[in-house]
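Okay, structure first, notes after.
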Amino acid sequence: MDLGLFKTVVTESGLDGKPIFLLCDLEFINEISYSYKKTLTNFMYSCNLKFRMIVFCNITPNFRTMVESFQAVMPDGLETIIVNNYQEAIENIITFKAGTYRHPEPESEAEHHEKAIKKHFLATIARISWFNMLDQHIALPSADDKYYTFIKAIEAMQADIREKEKEKNMELEHMKHDEEQKQTEMVVKLNAQIELNKKAAREHEKEIAALKTRIATQDMELTRVSTAIAEKTMSLRNLLDKIYALDIDTDVKRQMTDSCLSLIETETIEKRLNIELTESDSVFLSRLQKKHPHLNQRELRISLLVKLNYDTKEIARSVGISTRGMESIRYRMHKKLGLGKHQSIKTYLSDLAASF
1 MDLGLFKTVV
11 TESGLDGKPI
21 FLLCDLEFIN
31 EISYSYKKTL
41 TNFMYSCNLK
51 FRMIVFCNIT
61 PNFRTMVESF
71 QAVMPDGLET
81 IIVNNYQEAI
91 ENIITFKAGT
101 YRHPEPESEA
111 EHHEKAIKKH
121 FLATIARISW
131 FNMLDQHIAL
141 PSADDKYYTF
151 IKAIEAMQAD
161 IREKEKEKNM
171 ELEHMKHDEE
181 QKQTEMVVKL
191 NAQIELNKKA
201 AREHEKEIAA
211 LKTRIATQDM
221 ELTRVSTAIA
231 EKTMSLRNLL
241 DKIYALDIDT
251 DVKRQMTDSC
261 LSLIETETIE
271 KRLNIELTES
281 DSVFLSRLQK
291 KHPHLNQREL
301 RISLLVKLNY
311 DTKEIARSVG
321 ISTRGMESIR
331 YRMHKKLGLG
341 KHQSIKTYLS
351 DLAASF
């Protein structure tokens, strides 16, 4: 039954506010869903239609209990009857409308009591099952009544279901509380991680700023050194030109020019060793200093030149020491870097640079 459609039909038929008689032929109905039971019963209580009589007919034996349960929970004042067939249903509606409907013959007191207990039993079960009415008052017959045990069993069942509902609700509350607590913990962790990330970002920005300052300082120093070397080289070339112009002994002239050329070559190498640092070189020096903070500035410079494949002689000239002194420094650096006997500084530094 489409209840919305039913109300629309009643309205469009002009039956609003008028008595309604409902005939339900259940000849081909053997079962009904739980949701339909609830919907149909709720409709009878809340539809605001003026039902006067509901008649059920052609009920199969296995479906009769459900119909009697529906009959038991109908509102007071709504006549609900069960008849054998469609013809009887029509006859009962006609007599009811004519005002000549007569209820069944008076029963004996025992039959009346049995019928009342049965209705009470079915209505109580329906209210528990369909409406979840777990706090309804269940009227008990006297303790010596033969039906007392059955009604008492329903009361006990209602109490058990009510306790199970409480346990279920408590469990749901605990689950909800646990979930809320987990969510709170996750939010706290997330906020803590965000703050940690912000702190790391600030530290990284400081490190970048420090590196930029260091690079700028080194650039200025390199510019100064390059300018000085260029000036020295120019002076040496001028001196060389003057020596070439001298009218002196050939061997002496050759010795003097060779010395000048050697000095020019040395200055050229020195200039090449003071090339501008690249970004990767700056990163390498920064990471190396962090990994080995005990290295001094000269050792850091030597490490960079070793990584850049300069030989010992060139590096020695760059830092202003002898080749032998350079070998001593490399030996000390080997220990400072914590290298094994068969590990070379160059291999270690190259691998370190590749890992960044």
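1 is the number of the first residue of the sequence shown in the working numbering; add one for each residue after it.
Backbone N, C-alpha and C fix where the C-beta goes; we use that ideal spot for every residue, glycine too.
Pairwise C-alpha distance: residue j and residue i
| i | j | result |
| --- | --- | --- |
| ILE269 | ARG317 | Low local confidence applies: a pLDDT of 48 at ILE269 is under 50, so the model's placement there is unreliable, and no value is given. |
| LEU196 | THR233 | 54 Å |
| ALA353 | PHE284 | 6 Å |
| ALA159 | GLU167 | 12 Å |
| LYS198 | LEU261 | 57 Å |
| LEU273 | ILE248 | Only weak support is given to the placement of LEU273: the predicted model assigns it a pLDDT of 47, under 50, and the question is left unresolved by the model. |
| LEU190 | MET175 | 22 Å |
| ALA72 | ALA110 | 19 Å |
| LYS118 | MET66 | 13 Å |
| ASN58 | LEU23 | 11 Å |
| ILE329 | ASN309 | 17 Å |
Exposure of residue i, with buried meaning 16 or more beta-carbon neighbours within 10 Å
| i | result |
| --- | --- |
| ALA116 | exposed |
| MET333 | buried |
| HIS120 | buried |
| PHE56 | buried |
| PHE70 | buried |
| ILE208 | exposed |
| ILE54 | buried |
| LYS164 | exposed |
| ASP194 | Looking at the sequence itself, residue 194 is Ile, so the reference to Asp does not match. Result: exposed. |
| GLU68 | buried |
| VAL306 | buried |
| ARG224 | exposed |
| LEU122 | buried |
| ARG127 | buried |
| GLU203 | exposed |
| GLU299 | buried |
| TYR34 | exposed |
| THR8 | exposed |
For residue i, the three-state DSSP class (helix, strand or coil)
| i | result |
| --- | --- |
| GLU155 | helix |
| LEU273 | At LEU273 the pLDDT is 47, less than 50, meaning the model places this residue with poor confidence and gives no usable figure here. |
| LEU337 | coil |
| VAL55 | strand |
| LEU134 | coil |
| LEU246 | coil |
| LYS7 | helix |
| GLU111 | helix |
| HIS174 | helix |
| THR100 | coil |
| LEU295 | coil |
| SER33 | coil |
Residues bridged to residue i (per DSSP)
| i | result |
| --- | --- |
| LEU261 | None, per the DSSP bridge assignment. |
| CYS24 | PHE56 |
| THR80 | ILE54 |
Discussion item. Between the region 140-148 and the region 90-98, can you find at least three pairs of beta-carbon atoms closer than 8 Å?
Written reply: no
Practice prompt. Inspect the CB distances between the region 286-296 and the region 317-330 and report whether three or more fall short of 8 Å.
Written response: no
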